[in-house]
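Data block below; observations after.
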Amino acid sequence: MPAKQDPGPSVKDEELYEALREEWNSKEKSARIANAAANRSRGEVGAKGGRSGSYEDWTVEELRRRASELDIEGRSSMTKDELVTALRDH
559 MPAKQDPGPS VKDEELYEAL REEWNSKEKS ARIANAAANR SRGEVGAKGG
609 RSGSYEDWTV EELRRRASEL DIEGRSSMTK DELVTALRDH
């Protein structure tokens, strides 16, 4: 389990941030979700996603392009399944 640390002044909902970190989410992802939830209702944040097609429907080239946008390292040698996992875990 990650060590409990003060997330810093940029995190608006520290309680949600800590809960997400305890679920092994990255610091960046936890902060994005916590801040989005603090700016809108949590229901709105949960409903926001789901408009994009499934990563399984994307081509490897499209997945690599998206991984490049997110600066995921090692993307050029990843298989499609590895790319999908890396994008979902980002």
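Residue numbers 559 to 648, in this note's numbering, belong to the letters of the sequence shown in order. C-beta: ideal position from N, C-alpha, C; glycine also.
Residue i: first and last residue of the uninterrupted alpha helix (DSSP H) it sits in
i: Glu573; result: 572-580
i: Leu645; result: 638-647
i: Ile630; result: Looking at the DSSP string, Ile630 is not in any alpha helix (DSSP H), and its letter there is neither H nor E.
i: Asn534; result: What is shown of the chain runs 559 to 648, which leaves residue 534 out entirely.
Residue i versus residue j - alpha carbon distance
i: Ile591; j: Tyr613; result: 20 Å
i: Ser588; j: Tyr575; result: 5 Å
i: Glu580; j: Ser568; result: 19 Å
i: Leu578; j: Ser634; result: 29 Å
i: Ile630; j: Val642; result: 11 Å
i: Lys585; j: Gly632; result: 20 Å
i: Thr617; j: Arg624; result: 11 Å
i: Asn583; j: Thr637; result: 22 Å
i: Glu627; j: Leu645; result: 10 Å
i: Asp647; j: Leu621; result: 14 Å
i: Asp571; j: Asn597; result: 9 Å
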